[in-house]
Amino acid sequence: MSAWSRLSDHLDENSEGYGPLRGTLGAGRIGMIWLAANLVVTTLLTGTLFVPGVSWPTALAMIVLGTLIGGTVLVLVGNMGTRTGLPTMSLTKGSFGLRGSFLPVAANVVILMGWSWVQAMLAGVTVNFLVAQATGYSNPVLFSVLCQTLVVTLAVFGHEGIARVEPWLAAVILGIMAWVFAVAFTSYPPAGFAALPVDAGAGWSSITVLDVVIATAVSWTVLSAEFNRLARTQAAGMVGSGTGYVLSTVAAMSLGATAIGYVVLDGGEAVGFDPTVLVAAFGAPLAVVIFLSVMATNTMVVYGMVSSVVNLAPSRRVRFLPTALVLGAVSVLGSTWLGLLDQFTGFLVLIGSLFLPVFAIMLVDYYVVKRGAYAADILRGHGGRYWYRGGVNPAAVPVWLVGAATSLVLTYVLPSPVGATIPTFAVSAALYLGWAVAAGRVVAGRPVQRHLSDAADEAHAPGAGPGRASALDGPGAPDGAAAPDGAAAPDGCGRAGEAGRPEEAADAPR
Numbered sequence: 001m002s003a004w005s006r007l008s009d010h011l012d013e014n015s016e017g018y019g020p021l022r023g024t025l026g027a028g029r030i031g032m033i034w035l036a037a038n039l040v041v042t043t044l045l046t047g048t049l050f051v052p053g054v055s056w057p058t059a060l061a062m063i064v065l066g067t068l069i070g071g072t073v074l075v076l077v078g079n080m081g082t083r084t085g086l087p088t089m090s091l092t093k094g095s096f097g098l099r100g101s102f103l104p105v106a107a108n109v110v111i112l113m114g115w116s117w118v119q120a121m122l123a124g125v126t127v128n129f130l131v132a133q134a135t136g137y138s139n140p141v142l143f144s145v146l147c148q149t150l151v152v153t154l155a156v157f158g159h160e161g162i163a164r165v166e167p168w169l170a171a172v173i174l175g176i177m178a179w180v181f182a183v184a185f186t187s188y189p190p191a192g193f194a195a196l197p198v199d200a201g202a203g204w205s206s207i208t209v210l211d212v213v214i215a216t217a218v219s220w221t222v223l224s225a226e227f228n229r230l231a232r233t234q235a236a237g238m239v240g241s242g243t244g245y246v247l248s249t250v251a252a253m254s255l256g257a258t259a260i261g262y263v264v265l266d267g268g269e270a271v272g273f274d275p276t277v278l279v280a281a282f283g284a285p286l287a288v289v290i291f292l293s294v295m296a297t298n299t300m301v302v303y304g305m306v307s308s309v310v311n312l313a314p315s316r317r318v319r320f321l322p323t324a325l326v327l328g329a330v331s332v333l334g335s336t337w338l339g340l341l342d343q344f345t346g347f348l349v350l351i352g353s354l355f356l357p358v359f360a361i362m363l364v365d366y367y368v369v370k371r372g373a374y375a376a377d378i379l380r381g382h383g384g385r386y387w388y389r390g391g392v393n394p395a396a397v398p399v400w401l402v403g404a405a406t407s408l409v410l411t412y413v414l415p416s417p418v419g420a421t422i423p424t425f426a427v428s429a430a431l432y433l434g435w436a437v438a439a440g441r442v443v444a445g446r447p448v449q450r451h452l453s454d455a456a457d458e459a460h461a462p463g464a465g466p467g468r469a470s471a472l473d474g475p476g477a478p479d480g481a482a483a484p485d486g487a488a489a490p491d492g493c494g495r496a497g498e499a500g501r502p503e504e505a506a507d508a509p510r
């Protein structure tokens, strides 16, 4: 066997991207994962966009409120991962259909690719700033490429190591952030930040700030089930992710708003989303925060992209290594597009437009329509209860398109007094629920969610009969012959109106 084959087999066997996983981590460890993941330069620099467009106190209030609203969606989607063992994009098969899920998966890869580009550029620009100060040599494109090349290498060969050291990186980052806060508030009192004059011409309001903060949470929700399926129990996942995400987002965005306020009070110009402005004001320690956060978080972003593609077609497994190398190469090439940094706010709007409807549909489908239970049919590549019509849920895709259009119209054409994110979520959820009720798709009773790692193990166990294996991997029912939601299925999940087998109740994390 060649070195390539050995490496590819090793990565396939040890990657967490494929199939359902049963988690083992407690609330503290999940919280540290989320804390480390979101103590990142993009979150920090997002805070620099708000001041002086709105007052410093208003920015902080909207950061807290938006984080709590967006974090609720993030935690609920993450809990679906804990209950089933599946990553976020695999869960879209339940609501969009086994083939319909290809659409949000494709959108997810595009969005994560964009995130990887943005973070690589920010790291590259920061490193270039320090090198230029020390030597006079400047080449931000080169340093962006080098940073992203290192990220791809870590994603392929060292993601497990990054996952282990990420909590310690978070501790270092938190320490440096505390130092930046101390410098800011010992130089100028909080009253000085509150008294900063508002620049009405900047185009910001409390509602637009709220929308951007919620969109930031939505951008992280695409990875929430990936992280939370590692939780041992539902309580561990929800408490850990909720606490870790809220604390890290509020801390990082508030630091950005405070740091740019410090720059203005110190006589500088408020240039949003430019790491060099902050590094010039606070020195190399902040540059260390930016670099470490990009290395840790971008590694997991690239790994998340690969996981999305690897889980795309369970009946035809996609290999981890070639997928990682192809996506990694695209991410390295894209890191040369520095002009994207000037369009970051528009990028966040695009994320919200694409994924707010997706998560509204997912949450309504799982918690309301399917009563909190997805059957093992979701692991199939063809047929079964999630085949709908030709593999596509005929309601989910149109609702998604209407939701995305609603977001764009309320953002760019007819600005809403309550913003775009909340109405978009509400419209998408209401439309999907209305279809489910009208079509009689709401499951009766309380089916029990069986952890899907057990179903996968049983289906491929040596003693499993051919009927069990074919239930997951075979050709399945013909188009239009899928079992209705809540009906009996080969995996043994409860029927409509049944509570499920007693022994299954112990299988789902509590």
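Under UniProt numbering, the residues of the sequence shown are numbered 1 to 510, in order.
Where is the CB? At the ideal position from N, CA and C, for every residue including glycine.
Using C-beta distances below 7 Å, list every residue in its chain close to residue i, excluding the 5 sequence neighbours before and after it, in chain order.
i: residue 285; result: 176 and 179
i: residue 254; result: 47, 60 and 63
i: residue 170; result: 32, 35, 36 and 39
i: residue 117; result: 331, 334, 335, 337 and 340
i: residue 104; result: 89, 92, 96 and 358
i: residue 128; result: 138, 139, 140 and 143
i: residue 361; result: 95, 396, 399, 400, 428 and 432
i: residue 353; result: 404, 407 and 408
i: residue 85; result: 20, 21, 22, 229, 451, 452 and 453
If you run the structure through DSSP and keep just helix, strand and coil, what is residue i?
i: residue 154; result: helix
i: residue 385; result: coil
i: residue 448; result: coil
i: residue 392; result: strand
i: residue 408; result: helix
i: residue 223; result: coil
i: residue 261; result: helix
i: residue 39; result: coil
i: residue 54; result: coil
i: residue 245; result: helix
i: residue 204; result: coil
i: residue 377; result: helix
i: residue 137; result: coil
i: residue 345; result: helix
i: residue 432; result: helix
i: residue 468; result: Unreliable positioning characterises residue 468 in this predicted model, as indicated by a pLDDT of 40, which lies under 50. The coordinate reading is nonetheless provided below. It is helical.
i: residue 199; result: coil
i: residue 211; result: helix
i: residue 366; result: helix
i: residue 337; result: coil
i: residue 266; result: coil
Below 8 Å CB to CB, which residues in the same chain sit around residue i once its five sequence neighbours on both sides are set aside?
i: residue 130; result: 279, 284 and 287
i: residue 392; result: 96, 97, 99 and 100
For residue i versus residue j, is the C-beta distance shorter than 8 Å?
i: residue 306; j: residue 324; result: yes
i: residue 20; j: residue 363; result: no
i: residue 120; j: residue 294; result: yes
i: residue 199; j: residue 53; result: yes
i: residue 424; j: residue 357; result: yes
i: residue 421; j: residue 215; result: yes
i: residue 328; j: residue 302; result: yes
i: residue 250; j: residue 70; result: no
i: residue 241; j: residue 228; result: yes
i: residue 98; j: residue 381; result: yes
i: residue 66; j: residue 210; result: yes
i: residue 56; j: residue 261; result: yes
i: residue 45; j: residue 275; result: yes
i: residue 217; j: residue 437; result: no
i: residue 252; j: residue 43; result: yes
i: residue 272; j: residue 281; result: no
i: residue 369; j: residue 448; result: no
i: residue 270; j: residue 263; result: yes
i: residue 221; j: residue 355; result: yes
i: residue 225; j: residue 415; result: no
i: residue 172; j: residue 292; result: yes
According to DSSP, which residues form a beta bridge with residue i?
i: residue 25; result: 231
In its own chain, which residues sit with a C-beta less than 6 Å from the C-beta of residue i, not counting the 5 before and 5 after it?
i: residue 219; result: 351
i: residue 231; result: 23, 25, 30, 82 and 237
i: residue 111; result: 351
i: residue 155; result: 299, 302 and 303
i: residue 201; result: none
i: residue 27; result: 236, 239 and 240
i: residue 75; result: 238, 241 and 242
i: residue 207; result: 419
i: residue 193; result: 56 and 261
ask   = Mind pulling the alpha helix (DSSP H) runs of 4 or more residues that sit fully within the segment 70-105?
value = 88-96
task = Let me know the beta strand (DSSP E) ranges lying completely inside the segment 270-314, each 3 residues or longer, listed in chain order.
result = none
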